[in-house]
Amino acid sequence: MITLTHVYLIAGLFFLGCAVLNASDASNPRRVRTALFWGLLSLSMLAGDRLGDLANGCLVLALAGLAAAGLGQGQAGATPQEERAASAARYGDLLILPALIVPGVALAGTMVAKQTDWGARLIDPAHATIVSLALGALLAVIVLVVWLRPPVSAPLREGRRLLDAVGWAAILPQALACLGAVFLAGGVGDAVGALITQYVPLDTRTLAVAAYCIGMAFFTMLMGNAFAAFPVMTAAIGLPIVIGQHGGDVAAVCAIGMLAGFCGTLMTPMAANFNVVPANLLELPDRTQALNGVIRAQIPTALAVLAANIVLMRILAFPS
Amino acid sequence: MLVLLGVLVVVAGFVLRVNPLVVVAVAALVTGQAASWGPDATPETMAAAALATVAALGKSFNDNRYISGVWLVLAAIGLMERAGLQERARAVIGRVRAATVGRILIVYLGVRQLSSALGLTSLGGHAQMVRPLIAPMSEGAGEARLGKLSDAARYRIRAHAAAADNIGLFFGEDIFIAIASILLIKGFLEQNGIVVEPLALSLWAIPTAIAAFLIHAGRLWLLDRSLAGPAAETAP
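Top to bottom, those sequences are chains A and B. The first sequence begins at 1 in the working numbering and counts up one residue at a time. The second sequence begins at 321 in the working numbering and counts up one residue at a time.
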């Protein structure tokens with residue numbers, strides 16, 4: 001059976017390859033730090049279970065330190081624009097097809113592992129989505145290598161180019177999940193929940209749903225990221241009140257609650273990669289202001305979608 | 321209430337533009353210290369609490385490794401880019417001969433939502449698509465229709481090009497079952513003893529996706545009218 005262990009093994013080797021390529025890339029001005037960063041992430045993937053909690057914690061602190069010192073991006077490995085345009089002209093619209101392999105296999109693998117006996121023996125049903133996604137990525141790489149015949153090192157070199165473009169932000173979702181866990185253990189959700197339940201009446205379904213959605217958006221604006229807000233607000237209002245007290249459907253409440261948080265992301269300069277980076281890229285004159293043109297363009301949509309989310313959650317999570 | 325200090329650290333960190341990974345680490349340590357602070361606290365208990373927080377951080381990081389396993393797809397996406405997928409995707413969008421800023425951005429919003437829903441979130445993006453393609457195409461459409469653009473109109477169009485990318489991504493990606501936010505919800509609920517299927521979560525993202533498309537497409541339609549308004553007045 002293919003399990004998460006295999007995914008961690010392949011991901012660990014991928015990150016290790018990225019580390020080695022960076023270490024040997026003289027065009028990256030910060031190649032040692034960048035190589036160490038991906039090397040440590042590779043260590044976590046390959047040997048995280050054997051390191052112990054404290055060593056893993058030190059690894060997280062080291063990753064943060066390296067990210068703060070600054071990672072670099074090498075120039076080696078990028079194919080010239082003309083070569084890509086020529087390749088695009090040669091293969092035509094067929095090129096769109098391999099792009100469908102990854103989502104296709106992820107979806108099919110998940111369903112097969114959940115619905116059939118032979119699928120459950122092939123793919124660990126407990127982690128079907130991630131395992132299937134990794135299988136899809138591998139299959140897409142194999143198809144592309146057989147079809148286009150690039151150099152053998154191309155998958156790793158191209159993957160590393162994109163990974164370095166993502167940079168330290170690659171582990172931010174994982175790190176924010178950890179912060180959520182620490183906040184949860186420290187009782188931050190309870191404290192926020194106590195504050196809200198003390199000052200906001202939550203005794204009807206509509207009020208509870210509105211408080212949860214608006215709280216998600218507001219907390220996301222403070223934290224700059226719905227991922228950090230979700231565990232706190234859901235532990236404070238979502239689980240105990242909207243789901244526990246009023247009987248809302250778990251999947252609908254959580255899915256729409258996260259989307260209410262995304263409305264907050266659209267309105268805050270703290271979501272730097274979405275709202276500040278494009279203002280810089282597009283050379284907007286007000287890019288250094290807190291509410292730059294991109295955020296101002298988004299606020300009306302964000303507020304309207306937030307209102308829509310409240311209505312949708314009220315209707316869809318309480319079908320009776 | 322002392323544990324809310326960790327939240328303050330997050331806010332201060334973002335205001336001061338500290339690296340978010342450092343903010344996360346410091347906020348976790350502060351929260352751990354605040355949670356163990358009390359009348360009986362001694363330097364020894366606080367040091368033990370700091371170590372316990374680091375260990376908790378490490379355990380949680382190890383348990384959540386699957387979130388970063390997603391990056392494996394970069395090898396496949398990178399190969400497709402090498403073969404010219406972006407150029408091809410641009411050609412496909414370029415074939416849509418829409419004559420106005422609003423219509424180009426509505427098409428891009430829809431394409432961005434649909435491709436994100438298929439997990440192809442890296443097909444768009446501000447550096448890859450908006451700056452080289454979507455913003456210039458929108459400005460070009462505005463110039464073709466309205467003549468020379470004022471600086472204010474030009475920057476407004478550019479800001480809307482970036483906004484369409486964000487909104488299309490945010491309200492499309494959650495329909496894909498293996499996106500980080502869906503996995504985060506699943507992980508959080510599992511920590512609380514509730515098992516949900518990623519597919520169930522992603523299905524509930526569809527109504528909001530439709531609402532977001534309708535709302536933002538409506539605003540882009542209004543953008544066309546508002547851009548045409550003042551320009552029509554100054555026309556000879």
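Every residue gets a Cβ at the ideal spot worked out from N, C-alpha and C, and that includes glycine.
### Task
Spell out whether any CB of chain A is found under 8 Å from the CB atom of B:Met-449.
Put simply, the CB of B:Met-449 is far from chain A, with every gap to its CB atoms at 8 Å or more.
### Query
What separation, rounded to the nearest whole angstrom, lies between the Cα atoms of A:Leu-176 and A:Phe-14?
Roughly 23 Å between the two C-alpha positions.
### Message
Per the DSSP calculation, A:Ile-2 is bridged to which residue(s)?
### Response
Bridge partners of A:Ile-2: A:Ile-123.
### Task
Would you mind reading off the limits of the alpha helix (DSSP H) that contains A:Leu-232?
Correcting the residue identity first, residue 232 of chain A is Val in this sequence and not Leu. Counting along the chain, the alpha helix (DSSP H) containing A:Val-232 begins and ends at 226 to 233.
### Task
Could you name the residues of chain B that A:Tyr-8 contacts, counting a contact when the two beta carbons are closer than 7 Å?
The contacting residues are Arg-385 and Gly-389.
#### Entry: Helix, strand or coil at B:Ala-421 according to DSSP, with G and I counted as helix
According to the sequence as given, residue 421 of chain B is Val; it is not Ala. Helix.
### Message
Just to confirm my understanding: we take B:His-446, look at its own chain, exclude 5 residues before and 5 after, and list those with CB closer than 7 Å. What are they?
### Response
The beta carbon of B:His-446 is closer than 7 Å to those of Ala-482 and Asp-485 in its chain, skipping five residues each way along the sequence.
### Task
Please list the partners that A:Asn-309 has in chain B, where partner means a Cβ-to-Cβ separation under 7 Å.
The contacting residues are Thr-528.
#### Entry: Beta-carbon proximity list for A:Val-112, same chain, < 6 Å, skipping 5 on both sides
The answer, listed in chain order, is Gly-119.
### Message
Determine, for A:Tyr-199, whether the minimum Cβ-Cβ distance to residues of chain B falls below 8 Å.
### Response
Among the residues facing chain B, A:Tyr-199 is not included, as its CB has no counterpart in that chain under 8 Å away.
### Query
By DSSP, does B:Val-338 sit in helix, in strand, or in coil?
The answer is coil: DSSP assigns B:Val-338 none of H, G, I, E or B.
### Task
Report yes or no: is there a C-beta of chain B within less than 8 Å of the C-beta of A:Gly-57?
Yes, its Cβ sits closer than 8 Å to a Cβ of chain B.
### Task
Put B:Met-457 into one of helix, strand or coil per three-state DSSP.
DSSP places B:Met-457 in helix when its eight states are reduced to three.
### Task
Give the DSSP-derived three-state secondary structure of A:Trp-168 in the structure shown.
Correct three-state label for A:Trp-168: helix.
### Task
Give a yes or no on whether the minimum CB-CB distance between A:Arg-30 and chain B is below 8 Å.
Chain B, which has no Cβ nearer than 8 Å to the Cβ of A:Arg-30, makes this no.
### Query
Roughly how many angstroms lie between the CA atoms of B:Glu-407 and B:Asn-512, to the nearest whole one?
Between the C-alpha atoms of B:Glu-407 and B:Asn-512 there is a straight-line separation of about 45 Å.
### Cβ of B:Glu-459 within 8 Å of any chain A Cβ
The beta carbon of B:Glu-459 sits no closer than 8 Å to any beta carbon of chain A.
### Task
Out of A:Ile-142, A:Leu-36, A:Gly-72 and A:Asn-225, point me to the one whose CA is closest to B:Val-327's CA.
B:Val-327 has its Cα closest to that of A:Asn-225, out of A:Ile-142, A:Leu-36, A:Gly-72 and A:Asn-225.
#### Entry: Limits of the unbroken alpha helix (DSSP H) element including A:Thr-204
For A:Thr-204, no alpha helix (DSSP H) run applies, since DSSP gives it neither H nor E.
### Query
B:Arg-402 to A:Asn-22, Cα distance in whole Å?
Straight through space, the alpha carbons of A:Asn-22 and B:Arg-402 are spaced by roughly 19 Å.
### Simplified DSSP assignment, three categories, for B:Gln-353
Reduced to three states, the DSSP call for B:Gln-353 is helix.
### Message
Nearer than 7 Å: is that true of the beta carbon of B:Arg-451 relative to any heavy atom of the ligand MG?
### Response
Summarising the ligand content, the structure contains no ligands, and the ligand MG is consequently not present.
### Task
Using 10 angstroms around the beta-carbon of B:Lys-506, count the other beta-carbons present and answer buried if the total reaches 16, otherwise exposed.
Flag for B:Lys-506 reads buried.
### Message
Can you tell me whether B:Tyr-475 is buried or exposed? The criterion is at least 16 other CB atoms within 10 Å of its CB, across all chains shown.
### Response
A residue is called buried once 16 or more other Cβ atoms fall within 10 Å of its Cβ, and B:Tyr-475 is buried on that count.
### Query
B:Phe-508 by DSSP, collapsed to three states: which one?
Residue state, collapsed to three classes: helix.
### Task
Kindly indicate which residue of A:Ala-68, A:Gly-264, A:Ala-297 and A:Gly-72 has the alpha-carbon position closest to the one of A:Leu-162.
The residue with the shortest Cα to Cα distance from A:Leu-162 is A:Gly-72.
#### Entry: Distance between A:Ala-290 and B:Met-457 (C-alpha atoms, nearest Å)
Straight across, the Cα-Cα distance linking B:Met-457 with A:Ala-290 is about 27 Å.
### Task
Take B:Asn-384 and list the residues in its own chain whose beta-carbon comes closer than 7 Å to its own, dropping the five residues that flank it on each side.
So the list reads Gly-507, once near-sequence residues are dropped.
### Task
Determine the chain B residues that contact A:Thr-265 at a beta-carbon separation under 9 Å, and present them in chain order.
The answer, in chain order, is Asn-486 and Phe-490.
### Task
Jot down the residue ranges of each uninterrupted alpha helix (DSSP H) in the region 30 to 114 of chain A, minimum 4 residues, whole runs only, in chain order.
The region 30 to 114 of chain A contains these whole alpha helix (DSSP H) runs: 31 to 51, 53 to 69 and 81 to 91.
### Query
So is A:Gly-180 in contact with chain B if we call contact Cβ pairs under 8 Å?
Yes, A:Gly-180 lies at the interface with chain B (some Cβ there is under 8 Å from its Cβ).
### Task
Consult DSSP for A:Pro-278 and reduce its assignment to one of helix, strand or coil.
Of the three classes helix, strand and coil, the one that applies to A:Pro-278 here is helix, per DSSP.
### Query
Of all the options B:Gln-353, B:Ala-375, B:Ala-376 and B:Val-374, which has the alpha carbon lying nearest to the alpha carbon of B:Met-366?
The shortest Cα separation from B:Met-366 among B:Gln-353, B:Ala-375, B:Ala-376 and B:Val-374 belongs to B:Gln-353.
### Query
Roughly how many whole angstroms lie between the Cα atoms of A:Phe-183 and A:Val-232?
If you draw a straight line from the Cα of A:Phe-183 to the Cα of A:Val-232, it comes to about 7 Å.
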